[in-house]
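Notes for the one structure printed next.
Residue numbers (the working numbering): 3 to 646.
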């Protein structure tokens with residue numbers, strides 16, 4: 003349910019109120035929800051497909067333990083008997099006041115509130131085929147989140163002299179969010195009892211008062227001379243409770259300038275003005291920060307309540323606290339040009355940028371002697387340089403028909419300049435890394451053995467060999483890059499009388515993906531690739547050589563990670579919609595009804611489900627890893643919008 007209210011108070015003040023409430027329930031099919039052994043997709047990909055997963059006459063499901071011995075739940079039983087549900091109550095509201103009491107001055111204040119409660123239930127009956135929870139498992143968890151934001155801005159503009167105009171903008175923000183999580187679970191449960199109290203061993207967990215507060219204030223001054231020259235300077239201060247004690251306040255200055263060349267008299271009077279209607283040159287230098295990676299208490303070493311030998315105890319986290327943690331800081335230099343042509347029927351914006359990100363935040367491994375495994379730390383510097391081109395056109399414009407086309411093209415080249423230790427594993431089973439001199443997130447792992455011409459070397463049985471160091475250990479190399487060469491978005495919008503059509507196509511080229519889905523499925527004799535072994539076109543040890551421990555150069559391609567790097571380029575029909583617009587209909591001021599399709603088609607050479615998947619997003623790793631994930635769904639929806 004949604005409600006909006008706009009009220010004009012007087013000639014210089016107005017207020018608006020927005021309220022939104024929704025309730026959702028989901029019945030999910032899990033993919034590694036409680037452990038690595040109870041997923042639907044993992045069960046099909048890694049399980050033993052030679053076994054019929056359907057239950058017998060007594061309703062008993064057979065074990066589908068993989069041919070290589072991996073213990074997984076029968077995926078059909080996960081679908082039929084395992085229950086995963088979520089229910090979410092959410093309210094979002096905001097109020098805004100806008101005032102303009104005298105000429106040149108305006109101010110606005112916005113208050114926003116967002117709160118939701120999410121309840122989740124996992125119910126796995128006893129006597130199932132899973133490994134970890136074969137005697138039953140029950141879990142109930144609830145998460146309550148409250149978020150508040152306040153934004154206040156004021157601006158004042160006036161002419162200082164003839165042709166010189168001053169605009170001052172000042173503002174402040176406050177954001178507060180608080181999260182409470184309560185969970186309880188049990189194993190060895192009673193048949194047909196789907197509550198946590200029906201188990202033998204119960205474990206409760208509680209996380210309260212995960213609080214984060216962010217304050218911000220800024221002032222910006224802009225001078226405009228004869229509507230041609232513009233110069234702006236700004237300073238922003240941000241403070242957050244998640245920063246280290248001595249890093250609590252961060253300052254970010256910015257300066258920019260622009261020159262509207264087309265406002266000059268010599269331009270307006272030239273023949274060139276008939277073709278190029280507007281031309282602006284611009285440049286900017288600024289600093290900004292980011293804190294999304296930092297948790298509420300990552301600056302501390304945290305402890306969890308536990309028990310030891312029947313007595314109350316506390317145990318330290320495996321994550322070492324970072325008392326001096328601070329946000330990532332980015333310096334950006336930007337230059338560009340904006341132009342319109344042919345009576346503004348064509349517009350183009352070209353921007354070149356040079357960004358330097360310092361204090362890169364990464365969870366790095368620490369020495370085992372510290373008693374911890376990782377620490378979130380400011381460990382490096384990353385350079386980003388790129389070009390963005392935005393083209394807007396209106397090829398057709400008549401009384402009834404209008405066609406607008408937009409093309410957004412961009413590419414980025416990034417490089418890790420300085421990291422502690424030179425190589426830091428980021429995730430993806432340690433295969434994605436930050437390495438000095440390479441793009442962030444490149445795949446650094448075992449590679450093919452190649453000759454001096456780059457040709458892959460094979461065993462007498464036709465199995466690719468693995469590159470070793472002179473001492474016989476596995477030699478890791480940079481074997482792939484998940485960062486694309488370039489990306490583009492093409493949007494076409496056509497309106498004819500009361501109808502409007504929109505089509506968006508996304509293009510991404512020149513990136514690579516690690517396909518762990520195929521790696522696991524073919525190794526476990528499930529996916530089609532293993533048919534070549536069964537039918538004799540590949541050696542029995544093609545995927546795994548049973549003698550790999552004594553023949554490290556010929557372990558089989560399962561242990562050569564380069565073999566699983568694929569082209570992740572794609573062209574996607576991201577969205578298509580068709581709407582009919584109407585007005586003055588049975589008391590309705592205006593409205594529209596239509597159909598929307600999203601993620602409709604993908605044109606790619608990828609062997610997996612979807613090259614856009616990122617199985618390790620929670621680890622903060624750049625895209626480029628597919629590990630038995632649910633592909634981005636295709637959706638078709640009907641929409642009705644009404645204004646009274």
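The C-beta atom is built at its ideal place from N, Cα and C for all residues, glycine as well. Please read all numbers here as calculations on a predicted model, not as lab measurements.
Item                                                                                                                                                                 : Value
How far does the beta strand (DSSP E) with residue 397 in it extend, from its first residue to its last?                                                             : 376-399
Between which two residues does the alpha helix (DSSP H) containing residue 519 stretch?                                                                             : 518-525
So, residue 290 versus residue 332, is the Cβ gap smaller than 8 Å?                                                                                                  : yes
Do residue 324 and residue 399 have their CB atoms nearer than 8 Å?                                                                                                  : no
Roughly how many whole angstroms lie between the Cα atoms of residue 394 and residue 229?                                                                            : 24 Å
If you follow the alpha helix (DSSP H) that residue 277 is in, where does it begin and where does it stop?                                                           : 274-277
Under a Cβ-count criterion, where at least 16 other Cβ atoms within 10 Å of its own Cβ denotes burial, should residue 52 be classed as buried or exposed?            : exposed
For my contact list, residue 176 and residue 217 are in at a C-beta cut-off of 8 Å; report their separation, rounded to the angstrom.                                : 6 Å
Measure the Cβ-Cβ separation of residue 526 and residue 48 and say whether it is below 8 Å.                                                                          : yes
Quick check on the burial criterion: 16 or more other C-beta atoms within 10 angstroms. Buried or exposed for residue 615?                                           : buried
Starting from residue 212, trace the alpha helix (DSSP H) both ways and give me its first and last residue.                                                          : From DSSP, residue 212 is part of no alpha helix (DSSP H) but of the beta strand (DSSP E) over 201-227.
Just curious, the alpha helix (DSSP H) that residue 368 is in, first and last residue?                                                                               : That residue, residue 368, is in no alpha helix (DSSP H); it is neither H nor E in DSSP.
With distance defined between alpha-carbon atoms, name the residue in 336, 302, 151 nearest to residue 259.                                                          : 336
Need the endpoints of the beta strand (DSSP E) that residue 534 sits in, please.                                                                                     : Taken as a continuous stretch (DSSP letters only), residue 534 belongs to no beta strand (DSSP E), being part of the alpha helix (DSSP H) at 533-536.
If you scan the stretch 262-323 from start to end, which runs of the alpha helix (DSSP H) of 4 or more residues do you find wholly inside it?                        : 267-270, 274-277
Ordered along the chain, which non-local residues of its own chain (more than five positions away) have a Cβ less than 8 Å from that of residue 368?                 : 322, 374, 375, 376, 377
Go ahead and pull the three-state DSSP assignment for residue 488.                                                                                                   : strand
Should residue 572 go down as buried or exposed, given a rule of 16 or more other Cβ atoms within 10 Å for buried?                                                   : buried
Below 8 Å on the Cβ atoms is my guess for residue 581 versus residue 637; work out the distance and round it to an integer in Å.                                     : Their Cβ separation, rounded to whole angstroms, is 17 Å, which puts residue 581 and residue 637 out of contact at 8 Å.
Using a Cβ distance threshold of 8 Å, determine whether the stretch 379-386 contacts the stretch 463-471, with at least three qualifying pairs required.             : no
Work out the CA separation of residue 188 and residue 427 for me, nearest whole Å.                                                                                   : 35 Å
By DSSP, does residue 72 sit in helix, in strand, or in coil?                                                                                                        : coil
May I ask you to verify whether the stretch 21-33 touches the stretch 93-101, counting CB pairs closer than 8 Å and requiring at least 3?                            : yes
Can you have a look at residue 40 and say buried or exposed, based on whether 16 or more other CB atoms are within 10 angstroms of its CB?                           : buried
Between 50, 513, 77, 15, which has its C-alpha nearest residue 32's C-alpha?                                                                                         : 77
For residue 650, which residues of its own chain have a beta-carbon under 6 Å away from its beta-carbon, when the five flanking residues on both sides are left out? : Residue numbering for the chain in the displayed model covers 3 to 646; residue 650 lies beyond these limits and cannot be assessed.
Roughly how many angstroms separate the alpha carbons of residue 390 and residue 305, rounded to a whole number?                                                     : 46 Å
Apart from the five residues just before and just after residue 72, which ones in its own chain have a Cβ nearer than 6 Å to its Cβ?                                 : 48
Three-state secondary structure (DSSP) at residue 247?                                                                                                               : helix
Starting from residue 107, trace the beta strand (DSSP E) in both directions and tell me its first and last residue.                                                 : 107-126
Among residues of its own chain, excluding the 5 on either side of residue 109, which ones have a beta-carbon nearer than 6 Å to its beta-carbon?                    : 101, 156
Helix, strand or coil, according to DSSP, for residue 255 in the structure here?                                                                                     : strand
Do residue 380 and residue 675 come within 8 Å of each other at the CB atom, strictly closer than that value?                                                        : Coverage of the chain is limited to positions 3 through 646, which leaves residue 675 absent and any answer about it impossible.
Which runs of the beta strand (DSSP E) spanning at least 3 residues fall entirely within the stretch 453-505, listed in chain order?                                 : 478-482, 488-498
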